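Enquirer:
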Amino acid sequence: MQQNRALAALEIYAIVNEIEKDITNAFVKKIYHLNGRVYLALHRGKDFTLVIAPNRLHFTNYKEKFPTEPSNFAMFLRKHLDSSILKEVRQHAFERIVEFRFARKDKEYFLITEFFGAGNVLLLNSERKIMGALELREWKDRVIKRDMEYVHPPASVNLKEISEGKIQEILHKEKGEVVRILARRFGLGGLYAEEVCARAGIDKRLDSGKVDSRKILSSIKEIFSELSELNKGFHYIKGSRTEISPIKLKALGEVETKEFESFNAACDEFFISESVSEVNEREQNIRDKIERILEGQKRRLRDTLQEIGEFKIKAEQLSIEGQFKDASKHYEKLKKDKRKIEGMKKAIDRTEKKLGSIKFEERLPVKKEKKEKQWFEKFRNFETTQGFVVVCGKDASTNDLLIKKYTSKEDIVFHADIQGAPFCVIKTEGRKVSENDLGEVAVISASYSKAWQRGLGVQDVYWVTPDQVSKKAPAGEFVATGAFMIYGKKNIIRKVPLKICIGIDKEGKVAAGAETFVKNKSIAYAVVVPGDDKSKEVAEKVKVVWYKKVSKETSEKARAIPLDDIQKYVPSGKGRVISGK
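Position one of the sequence shown corresponds to residue 0 (numbering that gives the first Met the number 0), numbered consecutively onward.
1. Going by other Cβ atoms of all chains shown within 10 Å of its Cβ, with 16 needed for buried, is D531 buried or exposed?
2. Would you list the residues sitting across from S469 in a DSSP beta bridge?
3. Using 8 Å as the threshold, is the region 27–36 in touch with the region 49–66, meaning 3 or more CB pairs across them?
4. With F387 and D436 assumed to form a contact (beta carbons below 8 Å), what rounded beta-carbon distance in angstroms separates them?
5. May I have a chain-ordered list of the beta strand (DSSP E) segments no shorter than 3 residues that lie completely inside the region 7–77?
6. For I491, does the three-state DSSP call read helix, strand or coil?
7. Spell out whether any CB of chain C is found under 9 Å from the CB atom of L41.
8. Using 9 Å as the threshold, is the C-beta distance between F516 and E439 below it?
9. Does the separation of the CB atoms of K249 and E194 fall below 9 Å?
10. With distances taken Cα to Cα, identify the nearest neighbour of E17 among K573, A474, E260.
11. Measuring CB to CB, does E242 end up less than 9 Å from L190?
12. Quick one: Cα of I201 to Cα of K209, how far?
13. Let me confirm a value: H414 is counted as buried when at least 16 other C-beta atoms fall within 10 Å, else exposed. Which label applies?
14. How would you call E360, buried or exposed, if buried means at least 16 neighbouring beta carbons within 10 angstroms?
15. Please report the straight-line C-alpha distance between K214 and K172, rounded to a whole angstrom.
16. For F101 versus S83, is the C-beta distance shorter than 9 Å?
17. Is the CB-CB distance between P53 and G131 below 9 Å?
18. Tell me the DSSP secondary structure of R4 in three-state form.
19. Any idea what DSSP makes of T583, helix, strand or coil?
20. Where I14 and C266 are concerned, what is the direct C-alpha to C-alpha distance, given to the nearest angstrom?
21. My output table needs one value for S578: the three-state DSSP class, helix, strand or coil.
22. For the structure I just gave you, are there three or more beta carbon pairs, one from the region 90–107 and one from the region 135–142, closer than 8 Å?
23. Whole angstroms are fine: how far does the CA of E268 sit from the CA of S244?
24. Rank Y447, E428, K470 by C-alpha distance to the C-alpha of V460 and give the top, closest one.
25. Quick check on the burial criterion: 16 or more other C-beta atoms within 10 angstroms. Buried or exposed for Y38?
26. Do you know how far the Cα of A92 is from the Cα of L122?
27. Excluding five sequence neighbours on each side, which residues of the same chain lie with their C-beta closer than 6 Å to the C-beta of F381?
28. Since I522 and T553 should fall inside the 8 Å C-beta cutoff, what is the C-beta to C-beta distance between them, to a whole number of angstroms?
29. From the DSSP output, in three-state form, read off L121 for me.
30. In three-state DSSP terms, what is E87?
31. Please say whether W545 and G579 have beta carbons closer to each other than 9 Å?
32. Would you check whether the ligand SAM has a heavy atom nearer than 8 Å to the C-beta of P421?
33. With distances taken between CB atoms, is the gap from W462 to P570 smaller than 9 Å?
34. Out of curiosity, what's the CA-to-CA distance linking G44 and E514?
35. For P152, which residues from the same chain have a beta carbon less than 7 Å from its beta carbon, with the 5 sequence-adjacent residues on both sides left out?
36. By the DSSP assignment, the beta strand (DSSP E) with K426 in it spans what residues?
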């Protein structure tokens, strides 16, 4: 499993070299703690998120869903490091230890991150005494306790400063295959021990005492030279196994290679499977627990129904035999049990709903995509079956902006025939618009008007050409911001239904608008009408509808969609889900 892979000292060296130039003198915006990992939200010219896990350290471009209530350790770190300046990042003596030095007002702090064993994160004061740690521990040669001075573990070999004589001394003193000595005593790990041997042209199984130390030193220097010049990251893929490295690995031979712009980027993509695996495991545990509860509820319901059947037979038998007093007791018991049955059924229904919505209680990390915004993204925007872009105002100022700046003479302007409605514009680009598409835009126009807030079922809508829309008012009248005068004939569409459909397509993207468009665009969708449920509740119910209809692969994409991306399509911030398809 990839999540068992830990960064080697050489890889930590590469990571530190990459990150220190970006985040030295960065401002600490916030600190998070999730599933044993610490996240530093930093800013220096732009935002960076640094993830510190027991097995790794790198920038991440994935957004995590952090808990609303921070952990005690997160609160502890925030208390001392929030709004501080990160002054220095360095690797300690080529070990799997990285030190961060922070300054806040007149105080100095050190955040120590250890990437060996189970990993650890410690905060030290300016005197390098331990203020707190993720794990407080004690070994025969060092102690991690509050108020004690932090002591590094016994040092191994510093490959950056190693000499030929030191290499020779270790190789002749130790006994065994050279690859094992390089991996263990030189701190290279198996992957880079094999790489040193390959570059030195040495059989990795050769006895260490017979190895030419000059070749080993030359190979090590070559790797460091490549690290300083390359500044890249690589994935090496062989079957189901993937390796990562900041250098071009020769020991692996001919394998599929994927190059990244940095080793940070390579690590981020490689280790994301760790977060995915954790979410899936927690989700399955929750699902198993709820399924056990559900099975218990159903079993009790079956037992109670069986008991009711037996009591009914007994009561009828007693009545026939003339034992009316006893029969009456049985009938009273039957009434109580029937009331109990209703409660049981409601409890089962609640449990089944909870089971169906588990997928949305946890959210996978979502990659932050950088894309240039289109002009229409500042407005509500939709699409029609024919592929026309529909742009709607959100308020008075965007209504003004839409009509004055972004409406062309060949466009079509829609407005609901009610006070308090946005203008909606079809960007035709000179193409003819079908009756179906006019109807789709009418639904959008009606649904985002005051008619929705009033709980109406239908609303009249009209459309006109841009030359009929004007700010010029009759003498003595005033046209407010967001309002326009309409001159000439209005093309009225009567009794337009108020309903917005919100769907998910096979790419995992949200599609919203009229049902005729959404049902052809989506693999699953929900129908939303005026109602009293808050937009968040509506969004959650929409996701439940999706999940019941889509494949496992698409459900993973569905659960990664933030609720905000659905909520923004709920008119007036309230509604009700009436069906799903």
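For each residue, glycine too, the CB sits at the ideal point set by N, CA and C.
Predicted model, so just to flag it, every value in this text is computed and none were measured.
Expert: Let me spell this out:
1. exposed
2. M484
3. yes
4. 6 Å
5. 25–33, 36–42, 46–52, 55–58
6. strand
7. The structure shown contains no chain C, having only a single protein chain.
8. yes
9. yes
10. E260
11. yes
12. 10 Å
13. buried
14. Note on E360: pLDDT 43, under 50, position unreliable in the model; the coordinate value appears next. The residue in question, E360, is exposed, as its Cβ has fewer than 16 Cβ neighbours within 10 Å.
15. 18 Å
16. yes
17. no
18. coil
19. Residue 583 lies beyond the range of the chain shown here (0 to 580); nothing can be said about it.
20. 9 Å
21. strand
22. no
23. 12 Å
24. Y447
25. buried
26. 19 Å
27. V389, I443, G512
28. 7 Å
29. strand
30. strand
31. yes
32. The model depicted lacks the ligand SAM and carries no ligand whatsoever.
33. no
34. 44 Å
35. R141
36. 423–426
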